[in-house]
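Asks: My questions all concern the structure below.
2 protein chains.
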Amino acid sequence: MKLLILGGGFGGLRLARLLNNKPGIDITIIDRFNYHQFQPLFYQVATAALDASNISFPLRKAFHNSKNVRIRMAEIERIDTVTKQVITNEDSYSYDYLVIATGASTNFFGNKNLEQHAFPMKSTVEALQLRHKLIQNFEDALHTNDATELQRLMNIVVVGGGPTGVELSGAIAEMKKYVLPKDYPELDFSKMNIYLLEAAGKTLAAMSEQSSNNSLTYLQRLGVTVKINALLQDYDGENVTLKDGTLIPSKLVIWAAGIKGNIPAGIDPSLVARGNRIKVDAFNFVQGMNNVFAIGDIAYMEEEAFPNGHPQVAPVAIQQATLLAKNLLHLRQGKIAQPFRYNDKGAMATVGRNLAVVDVPKPKLHFGGFFAWLIWMGLHLMLILGVKNRFFVFTNWLYNYVTYDQSLRLIFKEFYRKDEVNN
Amino acid sequence: MKLLILGGGFGGLRLARLLNNKPGIDITIIDRFNYHQFQPLFYQVATAALDASNISFPLRKAFHNSKNVRIRMAEIERIDTVTKQVITNEDSYSYDYLVIATGASTNFFGNKNLEQHAFPMKSTVEALQLRHKLIQNFEDALHTNDATELQRLMNIVVVGGGPTGVELSGAIAEMKKYVLPKDYPELDFSKMNIYLLEAAGKTLAAMSEQSSNNSLTYLQRLGVTVKINALLQDYDGENVTLKDGTLIPSKLVIWAAGIKGNIPAGIDPSLVARGNRIKVDAFNFVQGMNNVFAIGDIAYMEEEAFPNGHPQVAPVAIQQATLLAKNLLHLRQGKIAQPFRYNDKGAMATVGRNLAVVDVPKPKLHFGGFFAWLIWMGLHLMLILGVKNRFFVFTNWLYNYVTYDQSLRLIFKEFYRKDEVNN
Numbered sequence: 001m002k003l004l005i006l007g008g009g010f011g012g013l014r015l016a017r018l019l020n021n022k023p024g025i026d027i028t029i030i031d032r033f034n035y036h037q038f039q040p041l042f043y044q045v046a047t048a049a050l051d052a053s054n055i056s057f058p059l060r061k062a063f064h065n066s067k068n069v070r071i072r073m074a075e076i077e078r079i080d081t082v083t084k085q086v087i088t089n090e091d092s093y094s095y096d097y098l099v100i101a102t103g104a105s106t107n108f109f110g111n112k113n114l115e116q117h118a119f120p121m122k123s124t125v126e127a128l129q130l131r132h133k134l135i136q137n138f139e140d141a142l143h144t145n146d147a148t149e150l151q152r153l154m155n156i157v158v159v160g161g162g163p164t165g166v167e168l169s170g171a172i173a174e175m176k177k178y179v180l181p182k183d184y185p186e187l188d189f190s191k192m193n194i195y196l197l198e199a200a201g202k203t204l205a206a207m208s209e210q211s212s213n214n215s216l217t218y219l220q221r222l223g224v225t226v227k228i229n230a231l232l233q234d235y236d237g238e239n240v241t242l243k244d245g246t247l248i249p250s251k252l253v254i255w256a257a258g259i260k261g262n263i264p265a266g267i268d269p270s271l272v273a274r275g276n277r278i279k280v281d282a283f284n285f286v287q288g289m290n291n292v293f294a295i296g297d298i299a300y301m302e303e304e305a306f307p308n309g310h311p312q313v314a315p316v317a318i319q320q321a322t323l324l325a326k327n328l329l330h331l332r333q334g335k336i337a338q339p340f341r342y343n344d345k346g347a348m349a350t351v352g353r354n355l356a357v358v359d360v361p362k363p364k365l366h367f368g369g370f371f372a373w374l375i376w377m378g379l380h381l382m383l384i385l386g387v388k389n390r391f392f393v394f395t396n397w398l399y400n401y402v403t404y405d406q407s408l409r410l411i412f413k414e415f416y417r418k419d420e421v422n423n
Numbered sequence: 001m002k003l004l005i006l007g008g009g010f011g012g013l014r015l016a017r018l019l020n021n022k023p024g025i026d027i028t029i030i031d032r033f034n035y036h037q038f039q040p041l042f043y044q045v046a047t048a049a050l051d052a053s054n055i056s057f058p059l060r061k062a063f064h065n066s067k068n069v070r071i072r073m074a075e076i077e078r079i080d081t082v083t084k085q086v087i088t089n090e091d092s093y094s095y096d097y098l099v100i101a102t103g104a105s106t107n108f109f110g111n112k113n114l115e116q117h118a119f120p121m122k123s124t125v126e127a128l129q130l131r132h133k134l135i136q137n138f139e140d141a142l143h144t145n146d147a148t149e150l151q152r153l154m155n156i157v158v159v160g161g162g163p164t165g166v167e168l169s170g171a172i173a174e175m176k177k178y179v180l181p182k183d184y185p186e187l188d189f190s191k192m193n194i195y196l197l198e199a200a201g202k203t204l205a206a207m208s209e210q211s212s213n214n215s216l217t218y219l220q221r222l223g224v225t226v227k228i229n230a231l232l233q234d235y236d237g238e239n240v241t242l243k244d245g246t247l248i249p250s251k252l253v254i255w256a257a258g259i260k261g262n263i264p265a266g267i268d269p270s271l272v273a274r275g276n277r278i279k280v281d282a283f284n285f286v287q288g289m290n291n292v293f294a295i296g297d298i299a300y301m302e303e304e305a306f307p308n309g310h311p312q313v314a315p316v317a318i319q320q321a322t323l324l325a326k327n328l329l330h331l332r333q334g335k336i337a338q339p340f341r342y343n344d345k346g347a348m349a350t351v352g353r354n355l356a357v358v359d360v361p362k363p364k365l366h367f368g369g370f371f372a373w374l375i376w377m378g379l380h381l382m383l384i385l386g387v388k389n390r391f392f393v394f395t396n397w398l399y400n401y402v403t404y405d406q407s408l409r410l411i412f413k414e415f416y417r418k419d420e421v422n423n
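Order-wise, the sequence lines are chains A and B.
Residues in the first sequence are numbered from 1 upward in steps of one, following the UniProt record's numbering.
Residues in the second sequence are numbered from 1 upward in steps of one, following the UniProt record's numbering.
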């Protein structure tokens with residue numbers, strides 16, 4: 001059985017690991033990158049608390065000594081479900097079964113200005129770009145004599161009050177509090193503003209009332225200016241304009257207000273559901289197909305408890321991959337496949353030192369503060385791939401906690417040689 | 001006293017630290033980067049053994065709580081010794097005393113082809129670029145069906161048999177031996193060749209006969225094809241041509257065969273000595289000037305024991321900075337300055353696991369192998385700035401030693417946003 005997996009994220013990687021060295025299954029993983037990304041900690045890479053390598057795991061290392069898993073770095077160009085092959089910028093790959101696990105990327109909702117000027121944070125490299133920009137702005141602030149320009153460099157706008165926006169603005173607020181004034185004693189940090197814009201009426205709207213309220217309290221305690229019911233109209237690289245006419249001068253706008261599924265070309269438009277996701281049945285079969293699956297952020301499955309599809313989070317991808325691995329093995333034995341049911345173990349987000357919120361559905365529990373923060377850390381440490389990464393993340397956290405210092409404030413500029421960029 | 005230091009390398013950083021919080025001295029450091037680079041370990045960043053951040057220390061962090069040190073990220077455009085100021089791409093800075101500590105960069109000796117196609121390794125970012133290229137070539141090798149192209153991707157040519165070239169080719173040979181066959185089981189690594197080209201008659205020519213011989217033995221033991229008396233004629237990105245007509249097809253040529261001082265514009269050509277260095281007297285005063293110093297790799301000082309200038313290594317820069325700090329303090333007290341004498345504590349280079357060579361001048365000692373390798377590690381650990389960096393380097397080394405695995409095989413591509421590159 002030739003199994004082709006598109007994407008080495010939480011879903012694709014889990015599936016391949018569960019089928020690793022299973023006889024009779026020949027697996028190829030195609031990914032743009034040569035590493036698995038631990039997305040939940042991108043914001044800590046962006047705020048100089050963790051190294052990019054701490055949350056990245058080389059895909060090839062995950063399959064050392066594997067007899068049936070092949071990895072190819074390539075950009076997917078098109079799926080051809082008729083001839084059963086995937087065409088990439090490098091080669092074409094034929095399949096018996098295809099698993100689309102291409103995840104989601106930033107949705108700018110067609111706003112070209114935003115796409116050009118705002119910083120997204122949906123990949124390790126984007127997190128590093130954001131880190132560089134964040135620090136470079138303060139370096140630039142030292143060179144300016146213009147008060148308006150200075151204010152523009154010291155205003156940071158985070159758009160989107162979901163977990164990413166909350167975690168990011170909290171972390172930046174802690175940099176403002178603990179580290180930046182030491183790095184830039186010449187600048188007046190009372191002038192630095194961190195805005196968090198949320199279009200809905202509250203932050204962490206998908207969580208419980210209590211956690212949502214807690215997150216707002218924590219953010220305000222850290223000095224983040226939270227604007228709810230704030231709709232962004234435009235951003236030209238210099239000023240953010242809100243729908244109500246408010247103008248915020250800023251050189252750094254971080255866009256965490258929307259994602260969309262990365263649908264490869266060749267998927268029929270009739271199969272596309274809300275959020276640019278691919279409609280799948282309860283077995284993760286793409287609707288109407290019997291040899292193409294979609295799992296994780298890219299899959300749109302309606303379940304009784306989730307009539308508008310599942311939340312686009314790692315646990316869904318991991319659970320779908322786990323079930324699909326079982327079903328694929330059963331399939332070969334002629335057994336009946338099992339439908340997917342999402343086991344929601346809860347949600348959490350961290351705002352800052354000792355400040356996090358946790359919701360547990362069964363038994364229904366909401367808690368915040370130090371204990372929630374410990375749980376958040378423990379769970380994330382457990383989920384990171386690789387003993388060494390786990391150790392380094394833990395050590396960095398310990399160091400940051402003890403010293404109040406995110407110490408990776410390094411601008412590795414001019415990263416690529418000119419002739420490389422054109423390759 | 002307004003002291004302006006150009007460059008935060010071994011010399012510039014040491015000087016500023018020694019004068020930190022000394023009353024009456026107002027210090028500004030200008031550097032292109034916002035971090036100090038630990039150059040001796042670039043080759044380990046390039047070969048995926050260490051993180052770039054492990055050997056980089058944020059300059060601002062080194063001067064937290066400093067009352068008299070200011071740091072500016074800028075590119076130096078010109079020195080004007082008449083009006084006593086330095087002009088950068090950002091601002092101009094006036095000085096009472098100027099210290100040029102701009103170090104050295106790669107010398108391609110005017111060969112434009114080499115400059116365009118060969119990879120230098122004289123900055124952290126260049127070390128990362130090299131790492132990416134090194135790994136990307138094997139990814140590309142999986143996509144090619146052309147035998148010639150495959151061989152070209154699997155031939156690596158290191159030019160220059162000094163410490164950098166020896167350490168780098170040794171480290172790549174260990175990747176070939178321990179890691180790459182596990183990452184790319186589809187490739188035949190008996191076809192991978194690592195060439196080390198040296199124009200002179202031996203490797204590590206600046207070291208003792210014994211160490212030089214040992215380095216050759218170690219390299220050959222690791223499977224490096226060492227070619228001595230090999231003069232490179234040209235490299236067009238596809239083939240290396242030697243003066244004797246030999247052709248080596250290769251997609252990756254690393255140039256470690258020459259450096260030149262980074263002389264800022266505004267220095268009189270009559271002051272330039274061999275290796276593009278600035279002539280200084282025994283007090284590191286630039287010849288004929290009484291308020292401009294040059295230290296470290298950029299300084300050319302003739303000493304009795306070093307009639308052609310000092311070796312361009314960190315200890316010289318550090319010792320010159322240490323003496324200059326003392327002399328500057330004496331100067332203010334009207335005391336007589338002390339001339340520089342280099343205290344050569346020896347030289348060392350590592351070739352691989354348990355394989356290093358060490359020369360000690362007094363008492364005259366040469367040793368190699370495991371013990372030399374331990375000394376090499378201990379000394380480098382001591383010299384790295386920052387307890388956390390030291391700890392992370394040590395942990396990475398320990399991990400690599402135990403697992404035989406340089407695990408940072410990550411390609412962080414497309415590092416910069418397009419609109420950033422043009423900034």
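By construction, the Cβ of each residue, glycine as well, lies at the ideal position given by its N, Cα and C atoms.
Taking Cβ positions only, does H64(B) come closer than 8 Å to chain A?
Replies: Position 64 of the second sequence holds residue 64(B). With 8 Å as the cut-off, H64(B) counts as an interface residue toward chain A.
Asks: Quick check for students: name the residue ranges of the alpha helix (DSSP H) that lie wholly in the segment 328 to 378 of chain B, counting only runs of 4 or more.
Replies: As far as the segment 328 to 378 of chain B is concerned, it has no whole alpha helix (DSSP H) run of at least 4 residues.
Asks: K191(A): buried (16+ other C-beta within 10 angstroms of its C-beta) or exposed?
Replies: Reading the first sequence from its first residue, position 191 is the one you call residue 191(A). So K191(A) ends up on the exposed side.
Asks: With a threshold of 8 Å between beta-carbons, can A16(B) be considered close to chain A, or not?
Replies: By one-based count along the second sequence, residue 16(B) stands at place 16. Output row for A16(B): interface = no.
Asks: Counting along the chain, where does the alpha helix (DSSP H) carrying P185(A) start and finish?
Replies: As a first step, residue 185(A) must be located in the first sequence, where it is residue number 185. No alpha helix (DSSP H) contains P185(A), which DSSP labels as neither H nor E.
Asks: Please list, in chain order, the chain A residues whose beta carbon lies closer than 7 Å to that of E90(B).
Replies: Numbered from 1 along the second sequence, position 90 holds the residue referred to as residue 90(B). Those are H143, listed as they occur along chain A.
Asks: Taking C-beta to C-beta, are N284(B) and A305(B) nearer than 8 Å?
Replies: For the purposes of this step, residue 284(B) is taken as residue 284 along the second sequence, with counting starting at 1. For the purposes of this step, residue 305(B) is taken as residue 305 along the second sequence, with counting starting at 1. Not a contact, by the Cβ cut-off of 8 Å.
Asks: Spatial neighbours of A200(A) within its chain, please: C-beta separation below 8 Å, excluding the five flanking residues on both sides.
Replies: As a position in the first sequence, residue 200(A) is number 200, starting the count at 1. Contacts found: G161, I228, N229.
Asks: Specify the secondary structure class of G7(A) as computed by DSSP and reduced to three states.
Replies: Taking the first residue of the first sequence as 1, we reach residue 7(A) at position 7. Note: G7(A) maps to coil in three-state DSSP.
Asks: Using a Cβ-Cβ cutoff of 9 Å, what residues of the segment 359 to 370 of chain B are near chain A? List them in chain order.
Replies: Flagged: no residues at all.
Asks: So for V224(A), helix, strand or coil by DSSP?
Replies: As a working mapping, residue 224(A) is identified with position 224 in the first sequence. Residue state, collapsed to three classes: coil.
Asks: Between S123(A), K122(A), I156(A), P120(A), which has its C-alpha nearest Q136(A)'s C-alpha?
Replies: One-based indexing of the first sequence puts residue 136(A) at position 136. It is I156(A).
Asks: In the DSSP assignment, what are the bridge partners of M73(A)?
Replies: Here the question's residue 73(A) lines up with position 73 in the first sequence. M73(A) pairs with D31(A).
Asks: Please classify G261(A): does DSSP put it in a helix, a strand, or coil?
Replies: Translated into positions along the first sequence, residue 261(A) becomes position 261. It is a strand residue.
Asks: Contact defined as beta carbons within less than 8 Å: I believe L385(B) pairs with H36(B). What is the distance between those atoms, to the nearest angstrom?
Replies: As a first step, residue 385(B) is located in the second sequence; it is residue number 385 there, counting from the start. As a first step, residue 36(B) is located in the second sequence; it is residue number 36 there, counting from the start. Right, their Cβ atoms sit about 6 Å apart.
Asks: Flag I87(B) as yes if its beta-carbon sits less than 8 Å from any beta-carbon of chain A, otherwise no.
Replies: Here the question's residue 87(B) lines up with position 87 in the second sequence. Not one chain A Cβ lies under 8 Å of I87(B).
Asks: Alpha carbon to alpha carbon, how far is F63(A) from R131(B)? Give it in angstroms, no decimals.
Replies: Start at 1 with the first residue of the second sequence, and residue 131(B) comes out as number 131. Start at 1 with the first residue of the first sequence, and residue 63(A) comes out as number 63. Approximately 21 Å between the Cα atoms of the pair.
Asks: With a threshold of 8 Å between beta carbons, is K2(B) in contact with chain A?
Replies: Taking the second sequence and counting its residues from 1, one reaches residue 2(B) at position 2. Not one chain A Cβ lies under 8 Å of K2(B).
Asks: So, helix, strand or coil for Y404(B), using DSSP?
Replies: Numbered from 1 along the second sequence, position 404 holds the residue referred to as residue 404(B). If DSSP states are grouped into helix, strand and coil, Y404(B) belongs with coil.
Asks: Could you pull the start and end residues of the alpha helix (DSSP H) that S53(A) belongs to?
Replies: Residue 53(A) sits at position 53 when you count from the first residue of the first sequence. Careful: S53(A) lies outside any alpha helix (DSSP H) and carries neither H nor E.
Asks: Would you mind telling me which residues of chain A sit closer than 9 Å to R409(B), beta carbon to beta carbon, in chain order?
Replies: Here the question's residue 409(B) lines up with position 409 in the second sequence. Those within 9 Å of R409(B) in chain A are N34, Y35, P58, R60, K61.
Asks: Evaluate the contact criterion for the segment 49 to 60 of chain A versus the segment 390 to 409 of chain B: three or more CB pairs, one atom per stretch, below 8 Å.
Replies: Enough Cβ pairs lie closer than 8 Å, so yes.
Asks: Within 8 Å, do at least three Cβ pairs link the segment 242 to 260 of chain B to the segment 164 to 176 of chain B?
Replies: Touching, yes.
Asks: Within the 8 Å Cβ cut-off, does D183(A) reach chain B?
Replies: Walking along the first sequence from the start, residue 183(A) turns up at place 183. Yes - at least one Cβ of chain B is within 8 Å of the one on D183(A).
Asks: So is A147(A) buried or exposed if we call it buried at 16+ other beta carbons inside 10 Å?
Replies: Sequence index remark: in the first sequence, residue 147(A) carries index 147 (1-based). By the 10 Å Cβ count, A147(A) comes out exposed.
Asks: Tell me the rounded alpha-carbon separation between L331(A) and F392(B).
Replies: Counted from its first residue, the first sequence places residue 331(A) at position 331. Counted from its first residue, the second sequence places residue 392(B) at position 392. When rounded, the distance between both Cα atoms is 47 Å.
Asks: List the residues of chain B whose Cβ lies closer than 8 Å to the Cβ of T106(A), in chain order.
Replies: In the first sequence, the residue the question calls residue 106(A) occupies position 106. Simply none; closest approach about 13 Å.
Asks: From I27(B) to A16(B), what does the alpha carbon distance come to, in whole angstroms?
Replies: For the purposes of this step, residue 27(B) is taken as the residue at position 27 of the second sequence. For the purposes of this step, residue 16(B) is taken as the residue at position 16 of the second sequence. So the two alpha carbons sit approximately 7 Å from each other.
Asks: If you run the structure through DSSP and keep just helix, strand and coil, what is A147(B)?
Replies: Locating residue 147(B) in the second sequence gives position 147, counting from the first residue. The answer is helix: DSSP assigns A147(B) an H, G or I state.
Asks: Does K227(B) get closer than 8 Å to chain A when you measure Cβ to Cβ?
Replies: Mapped onto the second sequence, residue 227(B) falls at position 227. No, because no Cβ of chain A sits closer than 8 Å to the Cβ of K227(B).
Asks: Between the Cα of M73(B) and the Cα atoms of L365(B), D31(B), R221(B), T47(B), which residue gives the shortest distance?
Replies: Taking the first residue of the second sequence as position 1, residue 73(B) is located at position 73. It is D31(B).
Asks: Alpha carbon to alpha carbon, what distance is there between L381(B) and F119(A)?
Replies: Taking the first residue of the first sequence as position 1, residue 119(A) is located at position 119. Taking the first residue of the second sequence as position 1, residue 381(B) is located at position 381. F119(A) and L381(B): Cα-Cα distance of roughly 37 Å.
Asks: Are the beta-carbon atoms of T225(B) and Y178(B) separated by less than 8 Å?
Replies: Within the second sequence, residue 225(B) is the residue found at index 225, counting from 1. Within the second sequence, residue 178(B) is the residue found at index 178, counting from 1. No.
Asks: Using the Cα positions of L98(B) and T81(B), report the straight-line distance between them to the nearest angstrom.
Replies: Here residue 98(B) corresponds to residue number 98 of the second sequence, with the count starting at 1. Here residue 81(B) corresponds to residue number 81 of the second sequence, with the count starting at 1. For L98(B) and T81(B), the distance between alpha carbons rounds to 9 Å.
Asks: Does the beta-carbon of K335(B) have 16 or more other beta-carbons within 10 angstroms, so that it is buried, or is it exposed?
Replies: Position 335 of the second sequence holds residue 335(B). Exposed.
Asks: I'd like the list of long-range same chain contacts for L67(B), defined as Cβ closer than 8 Å, with 5 residues on each side in sequence excluded.
Replies: The sequence position of residue 67(B) within the second sequence is 67, counting from 1. Residue identity check: residue 67(B) is Lys in the sequence provided, not Leu. Around K67(B): N21.
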